[in-house]
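Undergrad:
Protein chains: 2
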Amino acid sequence: MTVFIGLLGCGTVGSGVVELVERRADKIAEITGLRPVISKILVRDIDKPREGLVDSSKLTTNAHDILDDKEIDLVIETIGGIEPAREYILSALRSGKHVVTANKDLIALHGVEILETAERHQVDVLYEAAVGGAIPLIRPLKDSLASSDITDLKGIINGTTNYILSKMTQSSISFETALAEAQRLGYAESDPTSDVEGLDAARKLTILASIAFTSTVQLSDVRVQGIRKITASDVRFADQLGYVIKLLAVGTDREGRLSLEVRPSLVPKTHPLAHVSESYNALYIRGDASGDLMFFGQGAGSLPTASAVVGDVIEALRNLQLGVSGHSQHVYANHKPAVPSRDFLPYYMRLSAQDEPGVFAQIAQVFGETEISMSNVLQTPTEDGHAEIVVVSHKASAEHIDTTLKRLRQIEQVIDIHTVMPVES
Amino acid sequence: MTVFIGLLGCGTVGSGVVELVERRADKIAEITGLRPVISKILVRDIDKPREGLVDSSKLTTNAHDILDDKEIDLVIETIGGIEPAREYILSALRSGKHVVTANKDLIALHGVEILETAERHQVDVLYEAAVGGAIPLIRPLKDSLASSDITDLKGIINGTTNYILSKMTQSSISFETALAEAQRLGYAESDPTSDVEGLDAARKLTILASIAFTSTVQLSDVRVQGIRKITASDVRFADQLGYVIKLLAVGTDREGRLSLEVRPSLVPKTHPLAHVSESYNALYIRGDASGDLMFFGQGAGSLPTASAVVGDVIEALRNLQLGVSGHSQHVYANHKPAVPSRDFLPYYMRLSAQDEPGVFAQIAQVFGETEISMSNVLQTPTEDGHAEIVVVSHKASAEHIDTTLKRLRQIEQVIDIHTVMPVES
Chain U
1 MTVFIGLLGC GTVGSGVVEL VERRADKIAE ITGLRPVISK ILVRDIDKPR EGLVDSSKLT
61 TNAHDILDDK EIDLVIETIG GIEPAREYIL SALRSGKHVV TANKDLIALH GVEILETAER
121 HQVDVLYEAA VGGAIPLIRP LKDSLASSDI TDLKGIINGT TNYILSKMTQ SSISFETALA
181 EAQRLGYAES DPTSDVEGLD AARKLTILAS IAFTSTVQLS DVRVQGIRKI TASDVRFADQ
241 LGYVIKLLAV GTDREGRLSL EVRPSLVPKT HPLAHVSESY NALYIRGDAS GDLMFFGQGA
301 GSLPTASAVV GDVIEALRNL QLGVSGHSQH VYANHKPAVP SRDFLPYYMR LSAQDEPGVF
361 AQIAQVFGET EISMSNVLQT PTEDGHAEIV VVSHKASAEH IDTTLKRLRQ IEQVIDIHTV
421 MPVES
Chain Y
1 MTVFIGLLGC GTVGSGVVEL VERRADKIAE ITGLRPVISK ILVRDIDKPR EGLVDSSKLT
61 TNAHDILDDK EIDLVIETIG GIEPAREYIL SALRSGKHVV TANKDLIALH GVEILETAER
121 HQVDVLYEAA VGGAIPLIRP LKDSLASSDI TDLKGIINGT TNYILSKMTQ SSISFETALA
181 EAQRLGYAES DPTSDVEGLD AARKLTILAS IAFTSTVQLS DVRVQGIRKI TASDVRFADQ
241 LGYVIKLLAV GTDREGRLSL EVRPSLVPKT HPLAHVSESY NALYIRGDAS GDLMFFGQGA
301 GSLPTASAVV GDVIEALRNL QLGVSGHSQH VYANHKPAVP SRDFLPYYMR LSAQDEPGVF
361 AQIAQVFGET EISMSNVLQT PTEDGHAEIV VVSHKASAEH IDTTLKRLRQ IEQVIDIHTV
421 MPVES
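The listed protein sequences correspond, in order, to chains U and Y.
Position 144 (the first sequence) corresponds to 144 in UniProt numbering; numbering is contiguous.
Position 331 (the second sequence) corresponds to 331 in UniProt numbering; numbering is contiguous.
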């Protein structure tokens, strides 16, 4: 039997989906008993030249050709952004169509509305491709890890910033140079704000944390810090100390209190996350029974992301064939409070100060008085005659570090505190 | 509603399962609508003192108390080995009971018989815990990756050998010393043959390759080489060249011809598999659409392995509740032929020779004549007055390397060729 599919959007991911559904149709029919056929494709410009397997007779610029088509049982959304994607998806769900989407923004911001609508109409809405490209993350979190309480998530889930930080590390170049290169190669958009400020990672963390911690997580629960302030000297100091700098999305559940952060961090070179380079993504998970798990793979790209979409199509078709659609949604009734992290971590701080006798003693005294000991100190002269000082503290709470920073800023000879990052173990 | 479970075996994994089912019963009931209760436990010695949550009134030494109990709908097998586990599982399946097992030996050797029996009786048999402990491997391979043709598997799937090789690397000690330490700490058995000779990894590769390559793979299809011959000097030379030595289970599908090998290999320090240390396991997968994926986690241990078992229990209960049991089996009708690998890889060779003028020229000449060029050469004097020579070749086929080795052995001054390992990229 054939299942007709409507595809909304035919850009990078959409055209990959067209290719992959075509290529895998026999295999999917064998696995699920249902043959997927993309019968209509919504595009903005019907006359734009298209490569590959896109059949121009299927193109339409009118979403209603798909949403009102009673033959279509499944809609794949790869338009991205909030509107009109949200309206289209809600309309599809209301008319009993299953939905597969790669839209992280939409799920992060309107996930509850969409999942509840799907539940009400007993249809599936699946979004494995919204986070981590080809890497299966949502299904493992939902399924296998139901046997563990997840206490920690730690992920590299934004390819653009990981590319930039990898380049800064490999080639000892500045943030600006690395960003320009990423833009030239198409890894960063012309307006890179959403990526480099950590907002994209924050949206993905919202989705992952909801599932991992079985709570309705809001985007506003996530504290966000980007990578714009990271300099070549931070990268160099980190390297000397045995670390690499990564933009991490971190979520913890400590007895029902969540802490959710996106922030640059020092990752030990011996940690598996340290070796997730360029546009790869990875998610580290700690469960009370499972222990530490990591999932790694291509975080973006046409075919990798399409492979996650098609994986969801296969699940939706299998559910349809078995008559068990609409059971995979998870809207969590409880909203666990989000609080600043109380975990004790070492912190990396880079500051500049006047290169005068006694300055270092004053800095050391502040650490002593706030009862934070230093595990590593590096001091180097700068070109303009100042001293650049890097301190790595022993484990302390974020609150404790804040007090120390406030006291350090009161020292007259301290010119500026440039960077403060937690150190992962 | 309650589902009664019979547990066969209550050792390391079994007692973890008892603890975890108890701890997670509410959560599982919430997810699946069915409450799991372990009602009977088969043990060898009923009087043995047991810690934790094992209720002694549930113990029995007679398997028929479980297999003939009509109240029991699901049987968990954690005895290990072939018999009587095989007979118990087949009997359970024949009486319509679902089975979850952690038994890699049984699935590797009798998987087809067991899966066919389950299919005939429309019940589930699930074995996520058989490979990779807590790491979800079988479900991602089956589900998400149905959208990709998998061409390559590369895994560190034996914790004992990984522990030994990690210790040899970290502490520059011999294989024998590292093995003795592993035995002392309980990471290696008193008879370590199955682990150090690569047989355990070969069995797990048989299971993974069957699923990844959708073919009935036989254990005899796997070429196996263990780590007994790896010396401290191999580890040191590898390190100098930028590699670590890992026992890899490697499977490739080249247009329907499989190549399956377990063998020590040189892994570049920049490769994610290089950082899988001690008792961790990892599986690297390459799919035509998904690109490269890696799954990493605890490969053994009571609770990690139990978490995989309980994950399967949850799947079986969910299927039971939805009335869709018996659809997750995969017995593959086709048997893709297993052939020696024809992939071109660089090879590492360590040999000893008389430290005489002209010997090195002869060795270099053999490489020249067999048209294999050398990318790296290290020569060091040994304590007994010989020369130890390490050569890393450019990419060549295994067949080509065999010819070179044969020719090298014919050189009079070549004393021995100690180690030959492929180099991963």
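Every residue, glycine too, gets a C-beta built ideally from N, C-alpha and C.
A quick note: this is a predicted structure, and the numbers were derived from the prediction, not measured.
1. Going along chain U in order, which residues have a C-beta closer than 9 Å to the C-beta of Y:Pro340?
2. Please report how far the alpha carbon of Y:Glu189 lies from the alpha carbon of Y:Gln183, in whole angstroms.
3. Are any of the Cβ atoms in chain Y nearer than 9 Å to that of U:Pro140?
4. What are the complete beta strand (DSSP E) segments, minimum 3 residues, inside the stretch 208 to 270 of chain Y?
5. What does U:Asp73 touch in chain Y if you count any residue whose Cβ is under 9 Å from its own?
6. Quick one, which residues of the stretch 89 to 103 of chain Y are near chain U if we go by CB-CB under 9 Å, in chain order?
7. Can you check the UniProt domain "ACT" (348 to 422) of chain Y for any beta strand (DSSP E) of at least 3 residues that lies completely inside it and give the ranges in chain order?
8. Answer yes or no: does any C-beta atom of chain U fall closer than 9 Å to that of Y:Lys27?
9. From what residue to what residue does the alpha helix (DSSP H) around Y:Leu106 run?
10. Taking 9 Å as the threshold (C-beta atoms), are Y:Thr380 and Y:Ser393 in contact?
11. How big is the Cα-Cα spacing for Y:Pro49 and Y:Leu7?
12. With 9 Å as the limit, tell me which residues of the stretch 278 to 302 of chain Y have their beta carbon closer than that to any beta carbon of chain U; keep them in chain order.
13. What separation, rounded to the nearest whole angstrom, lies between the Cα atoms of Y:Glu71 and Y:Gly299?
14. Distance check for Y:Leu266 and Y:Glu424, CA to CA, integer angstroms please.
15. Where does the unbroken alpha helix (DSSP H) through U:Arg24 begin, and where does it stop?
16. Expressed to the nearest angstrom, what Euclidean distance is found between the alpha-carbon atoms of U:Pro304 and U:Arg203?
17. With 8 Å as the C-beta to C-beta threshold (strictly closer), list the residues of the stretch 24 to 58 of chain Y near chain U in chain order.
18. Once you ignore the five residues that flank U:His98 on each side, which residues in its own chain have a CB closer than 6 Å to its CB?
19. Cβ closer than 7 Å: which chain U residues qualify as neighbours of Y:Leu20?
20. Out of U:Ala129, U:Ala306, U:Gly186 and U:Arg94, which one is the CA nearest neighbour of U:Phe103?
21. In whole angstroms, what separates the C-alpha of U:Val54 from that of U:Val43?
22. Verify the CB distance criterion: does U:Leu266 have a CB-CB separation below 9 Å to chain Y?
23. Measuring CA to CA, which of U:Asp152, U:Ile76, U:Ala361 and U:His335 is closest to U:Val377?
24. So the beta strand (DSSP E) Y:Asp73 belongs to, where does it begin and stop?
25. Is the Cβ of U:Val276 closer than 9 Å to any Cβ of chain Y?
26. Within the same chain, show all residues whose beta-carbon is closer than 7 Å to that of Y:Pro36, passing over the 5 residues directly before and after it, in chain order.
27. Give a yes or no on whether 9 Å exceeds the smallest Cβ distance from Y:Ser307 to chain U.
28. Could you say which of Y:Gly301, Y:Leu199, Y:Ser233 and Y:Glu116 lies nearest to Y:Val331 if we only look at CA atoms?
29. Where does the unbroken alpha helix (DSSP H) through Y:Ile66 begin, and where does it stop?
30. Pairing CB atoms from the stretch 274 to 290 of chain U with CB atoms from the stretch 127 to 141 of chain U, are three or more of them under 8 Å?
31. Between the stretch 248 to 266 of chain U and the stretch 241 to 257 of chain Y, do at least 3 Cβ pairs fall closer than 8 Å?
32. Can you give the Cα-Cα distance for U:Ile82 and U:His121, rounded to whole angstroms?
33. Quick one: which chain Y residues come within Cβ less than 8 Å of U:Pro304?
34. Which same chain residues end up closer than 8 Å to Y:Val276 when comparing Cβ atoms and leaving out the 5 residues on each side of it in sequence?
35. So with Cβ pairs under 9 Å, would you call U:Ile135 a contact of chain Y?
TA: Considering the structure as presented:
1. The premise fails here: Y:Pro340 is roughly 28 Å from chain U at the closest Cβ pair, so nothing lies under 9 Å.
2. CA-to-CA, the gap between Y:Glu189 and Y:Gln183 works out to about 6 Å.
3. yes
4. Here the runs fully enclosed are 243 to 254 and 257 to 268.
5. Those within 9 Å of U:Asp73 in chain Y number zero; the least Cβ separation is about 18 Å.
6. none
7. 374 to 381, 386 to 393 and 414 to 422
8. Residue-level contact by beta carbon holds for Y:Lys27 and chain U, with a gap shorter than 9 Å.
9. Lys104 to Arg120
10. Judged by beta-carbon spacing, Y:Thr380 lies beyond the 9 Å limit of Y:Ser393, meaning their Cβ atoms are not closer than that value.
11. Our two residues, Y:Pro49 and Y:Leu7, have alpha carbons roughly 18 Å apart in a direct line.
12. Against chain U - using a Cβ distance shorter than 9 Å - the residues of the stretch 278 to 302 of chain Y are Tyr280, Ala282, Tyr284, Ile285, Gly287, Asp288, Ala289, Ser290, Gly291, Asp292, Leu293, Met294, Phe295, Phe296, Gly297, Gln298 and Gly301.
13. 33 Å
14. 6 Å
15. Thr12 to Thr32
16. 20 Å
17. Under the 8 Å Cβ criterion, the stretch 24 to 58 of chain Y contributes Arg24, Lys27, Ile28 and Ile31.
18. Cβ neighbours of U:His98 within its own chain (closer than 6 Å, five residues either side excluded): Leu74, Val123, Asp124 and Ala316.
19. Ser147 and Ala289
20. Sequence check: residue 103 of chain U is Asn here, not Phe. Cα-wise, what sits closest to U:Asn103 is U:Ala129.
21. 11 Å
22. Judged by the 9 Å Cβ criterion, U:Leu266 is not in contact with chain Y.
23. U:Ala361
24. Here the beta strand (DSSP E) through Y:Asp73 covers Ile72 to Glu77.
25. yes
26. Val3, Ile5, Val21, Ala25, Ile28, Val313 and Leu317
27. yes
28. Y:Glu116
29. That run of the alpha helix (DSSP H) goes His64 to Leu67.
30. Three or more Cβ pairs drawn from the stretch 274 to 290 of chain U and the stretch 127 to 141 of chain U lie within less than 8 Å of each other, which places the two stretches in contact.
31. The stretch 248 to 266 of chain U makes no contact with the stretch 241 to 257 of chain Y: fewer than 3 CB pairs, one atom from each, lie closer than 8 Å.
32. 21 Å
33. Ala289, Ser290 and Gly291
34. Same-chain partners within the cutoff: Ile156, Asn162, Lys246, Ala282 and Phe296.
35. yes
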